[in-house]
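**Student:** Have a look at this one.
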Amino acid sequence: MSRSERSPLLLAGLLAAAGTAHFTAPRQFDHVVPRSLPGSPRTWTHVSGAVELALAAGLALPRTRRAAALASAAFFVGVFPANVKMAVDWRHRPAPQRAAALGRLPLQVPLVLWARGVAKGAEGRS
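In the numbering used here, the protein residues as written are 4 to 129.
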């Protein structure tokens, strides 16, 4: 399997793992839900986990890959405020936790670019 064939499946696997974690260990995600969002943080945790699982399924299927990849890029942009909140909330934690929270911020850029690359690779193949 070539790199271009593996890339969408790896991104799907990443999203599937993250989506599953939202249901198996929701408490850690509840804490990063911005307070400005209406409703319960747990609801947002479950909704975002379900979205990640749906995106993973879409990426795994060649017919829906392009749309799912573009939606994944948008999703990665959309969850950025939660990563900012985590970095702000964790600014007084021990250095390793603070570094992890800060490290999530620039990680969004390669995720968006990866998803866009998968979408571009899927053009004309659907």
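Glycine is no exception: its CB is placed at the ideal position from the N, C-alpha and C atoms.
How should residue 41 be labelled, buried or exposed, when 16 other C-beta atoms within 10 angstroms of its C-beta is the threshold for buried?
**Tutor:** exposed
**Student:** Just the Cα atoms here: how many angstroms apart are residue 117 and residue 14?
**Tutor:** 8 Å
**Student:** Cβ of residue 77 within 8 Å of Cβ of residue 18?
**Tutor:** no
**Student:** Compare the Cα-Cα distances from residue 25 to each of 50, 112, 86 and report the closest residue.
**Tutor:** Residue nearest to residue 25 within the set 50, 112, 86 is 50 (criterion: CA-CA distance).
**Student:** I need the straight-line Cα distance from residue 123 to residue 81, nearest angstrom please.
**Tutor:** If I take the Cα positions, the gap works out to 20 Å.
**Student:** Between the alpha carbons of residue 75 and residue 56, how many angstroms are there, rounded?
**Tutor:** 11 Å
**Student:** Here's the rule: buried if 16 or more other CB atoms are within 10 angstroms of the residue's CB, otherwise exposed. What is residue 11?
**Tutor:** buried
**Student:** Taking the C-alpha atoms as reference points, what is the distance between residue 83 and residue 107?
**Tutor:** Their backbone Cα atoms lie some 9 Å apart in a straight line.
**Student:** With distance defined between alpha-carbon atoms, name the residue in 54, 45, 47, 44 nearest to residue 20.
**Tutor:** 54
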